[in-house]
Amino acid sequence: MATTQVRSMDAPIGVSDSTGRPQWGSDVVVDMMRLLDIDYAAVLPGSSFRGLHDSAVNYAANSKPELILCNHEMITVSLARGYARAAGKPMAAIVHDFVGLLNTSMSIYDAWCDRTPVIVMGGTGPMDAAKRRPWIDWIHTANLQSNAVREFVKWDDQPWSIEAIPESLLRAYRIAVTEPAGPVYLCYDHEQQEEPVAGNFKLPDPSRFRPAPSPVPDVGSLREAARLLVNAELPLCYADRLGRTPQAVRVLVELAELLAMPVINLGARWSFPTPHALNFWGMQGELLPQADVVLGLDLVDLAGAMGPPASHGARPTEGGSVQLGDKRVINISMDELATRALTTDHQGLPPVDVPMLAEPGAALPLLLEEVRSQLDAAARSRIDRRHGHLADLQERLRARQRSYIESQWDHPQIAEARLSSELWEVVKNEDFLYTSPRFRTMAPGIGEIPDSGRCLGGGGGGAVGTGPGFFTGVSLAMKDSGKLLVSMTGDGEYISGCQALWTAAHYHLPGLWVINNNRSYY
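The sequence shown begins at 83 in this note's numbering and counts up one residue at a time.
Here it is as structure tokens:
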């Protein structure tokens, strides 16, 4: 077989690409990863997946998938999550048997809460107890390894034969990327990885197992939602994960302008341009009491957005929210399909008048057309009046933001507002991409984020230490884009995951790391 030219960041010398002719079980796994267009696999090498490691290097010449070396298992999944957010497709993370899975479980939970597809793999065993070495193989083997993460992955599997590997990976990939997206986990007995393939092994055509398009909402629900928005005195939109689809953000801008509808961008993804006159982040406290219709677009926490919980001093009445009175609520989300019993990441149960189980990116264009069709003279008159009212509110918001920045400027230590301002002056003329959420609470008082291609937003499960790995994954996905990647993070977050900086340096991944050191765990 002719030697294929290797274009890997860490290419083995003199190793040919022999993919497509598997000899071992682990070769079949690598072949399927290539067919599914998985470019990278983050690893902290462990003996339980030595077969996969060997196949990636000596069978696939460390090229598609290329192994990305990490110094902690937690970083492998946070890196893959960052890559998926930036690249728009999954990356793999391979972790060492039961103990490696435990190490990375918080990062997997982050991906689960973030609705981000990550293909987590691991080795296990020997499952045959008669073949285990004393002590080490026993303490590192679980009867059902996936139980450690089963409640916060979309699916898990442990195929028991080489023949079962292709279907397992095809199903895992499809489940991971189908909305609401999320992590999946696969593990392989290390003996199965090193088992010889019998005869010619036929690989499947992945195009025949591709995921289905996201569902669109019910026509009656669309009409009712449009009727409420058109007839509203003040509609208010909360947008959260919508920004994962740039086209959806553009449609939201069009809908907001058509209705003179203020938008609160909650920031799990960057879902509305900060320079826009209808961006009202920071004024939800003033706008929510005035609003008579609330539109929620893929919110992490719709109940919390409509009212603070009891622990914050408000009195919960309806479904965990403050009293909504005559407000009508429209909610477009697929999150109902991702509810599990172990944790309460599903948040409070909000009262909703028009629920739509649909992906907002698919629903918004239809909603926009329905709103257009229902607009009449009375609605246009209300919208014109609303423009003037909102212009006054917008000027108050900008003045409040300017005042806050000025109040933070000359503190004895550098306040985060000033740090953000100085950083903005450095990057504002660059083709920048903010990869951490901290800047969103400052803009537009400090700078401007015109579209979702300039800021990834936040999201995740609140894990401390996953930020550096996430940033490294974004840098891997964008390494040839020419963008200036910017991460501003706290010192505690950095210290808890700083091993990721070694990976970024080793693979020459570009990025500007800015650490806000307050010299204390506040």
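Glycine included, C-beta positions come from ideal geometry on N, C-alpha and C.
Quantities reported herein were computed from a predicted structural model and do not represent experimental measurements.
Item, Value
"Proximity of Gly182 and Arg326 at Cβ, strictly below 9 Å", "no"
"Opposing strand residues paired with Ile346 [DSSP bridges]", "Tyr320"
"Val23, buried or exposed, once every other Cβ within 10 Å from all chains shown has been counted against 16", "For the chain, the structure presents residues 83 to 604; residue 23 sits outside this window and is missing."
"Status (buried if at least 16 other CB within 10 Å, exposed otherwise) for Ser485", "exposed"
"With 16 other Cβ atoms within 10 Å as the buried cut-off, status of Gln329", "exposed"
"Nonlocal neighbours in the same chain, by C-beta distance under 6 Å from Met114, ignoring five residues either side", "Pro248 and Leu251"
"At least three beta-carbon pairs within less than 8 Å, the region 450 to 465 to the region 226 to 242", "no"
"Span of the beta strand (DSSP E), counted from its first residue to its last, around Asn608", "Because the chain in this structure spans residues 83 to 604, residue 608 falls outside the shown range and cannot be described."
"Member of Asp196, Asn313, Leu567 and Val312 whose CA lies at the smallest distance from the CA of Arg163", "Asp196"
"Ala534 and Val200 closer than 9 Å at C-beta", "Before going on, a small fix: residue 534 reads as Ser here, not Ala. It is not a contact, given that the beta carbons lie outside the stated cut-off."
"Helix, strand or coil at Asn361 according to DSSP, with G and I counted as helix", "strand"
"Contact set for Ala423: own chain, Cβ-Cβ below 6 Å, skip 5 residues either direction", "none"
"Straight-line Cα distance separating Ala459 from Ala193", "47 Å"
"Through-space distance from Arg253 to His222, alpha-carbon basis", "27 Å"
"Cβ separation of Asp383 and Asp408, assumed to be a contact under 8 Å, to the nearest whole Å", "Not confirmed; about 23 Å, so no contact."
"Bounding residues of the beta strand (DSSP E) (the contiguous stretch that carries Thr206)", "Ile201 to Thr206"
"Neighbour-count burial assignment, Ser415, 16 or more Cβ in a 10 Å radius", "buried"
"With 16 other Cβ atoms within 10 Å as the buried cut-off, status of Lys236", "buried"
"Start-to-end residues for the alpha helix (DSSP H) that takes in Asn313", "Val301 to Asn313"
"Distance CB(Tyr165)-CB(Glu148) smaller than 9 Å", "no"
"Whole-Å CB distance - Ala342 paired with Ile465, under 8 Å assumed", "5 Å"
"Per-residue burial, Thr101 [other beta carbons within 10 Å of its own, 16 or more giving buried]", "buried"
"Pro532 burial status per 10 Å Cβ neighbour count (16 or more: buried)", "exposed"
"Beta-carbon proximity list for Asp427, same chain, < 6 Å, skipping 5 on both sides", "Cys195"
"Where Trp237 sits in the DSSP three-state scheme", "strand"
"Neighbour-count burial assignment, Ser393, 16 or more Cβ in a 10 Å radius", "Per-residue confidence for Ser393 stands at a pLDDT of 40, beneath the threshold of 50, marking its modelled position as unreliable; no derived number is given."
"Environment of Lys284 [buried if 16+ CB atoms lie within 10 Å]", "exposed"
"Ala124 - containing beta strand (DSSP E), residue span", "Tyr122 to Val125"
"Given Gly367 as reference, the closest of Val345, Pro357 and Ser569 once Cα atoms are compared", "Val345"
"Contacts around Gly378, its chain only, beta-carbon distance under 6 Å, and the 5 residues preceding and following it disregarded", "Tyr320, Leu384 and Asn413"
"Pairwise C-alpha distance: Ile257 and Leu419", "12 Å"
"Sequence-distant residues of its chain with Cβ nearer than 6 Å to Trp584 (five each side left out)", "Asn153"
"Short Cβ contact (9 Å threshold) for Pro288 with Val202", "no"
"Where Gly281 sits in the DSSP three-state scheme", "coil"
"Neighbour-count burial assignment, Trp220, 16 or more Cβ in a 10 Å radius", "exposed"
"Beta bridge counterpart(s) of Cys537 as assigned by DSSP", "Tyr516"
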